[in-house]
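Here the structure comes first, spelled out in structure tokens, and everything after it is commentary.
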Amino acid sequence: MRRIAFIVSSLDTGGAQRAVSNIVTNWPDNWEIDIILNNATIIKYPYKGEYY
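In this text, residue positions in the sequence shown follow this note's numbering: the first is 17, and each later residue adds one.
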């Protein structure tokens, strides 16, 4: 299984956050996805995978 990580400040409102949300929710299911966040207190966008 392949693994990929995305780094973004948060999944709160914003353009980069929305882009990461769109990418990970449409990423192939046979990948492990990690999302590295600076602030994980407010998540407004959908995601797939694990966040840290």
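All residues carry an ideal CB built from backbone N, CA and C; glycine is no exception.
To which residues of the same chain is GLN33 closer than 7 Å at the C-beta, ignoring the five residues directly before and after it?
VAL24, SER26, LEU27, TYR61
Confirm, please, whether the CB-CB distance from GLY65 to ILE69 is below 8 Å.
Here the chain comprises residues numbered 17 to 68, so residue 69 is not present and cannot be evaluated.
Under 8 Å between the Cβ atoms of ARG19 and TRP47?
Contact flag set, yes.
What is the residue span of the beta strand (DSSP E) that ASN54 lies within?
47–59
Using 10 angstroms around the beta-carbon of ILE49, count the other beta-carbons present and answer buried if the total reaches 16, otherwise exposed.
buried
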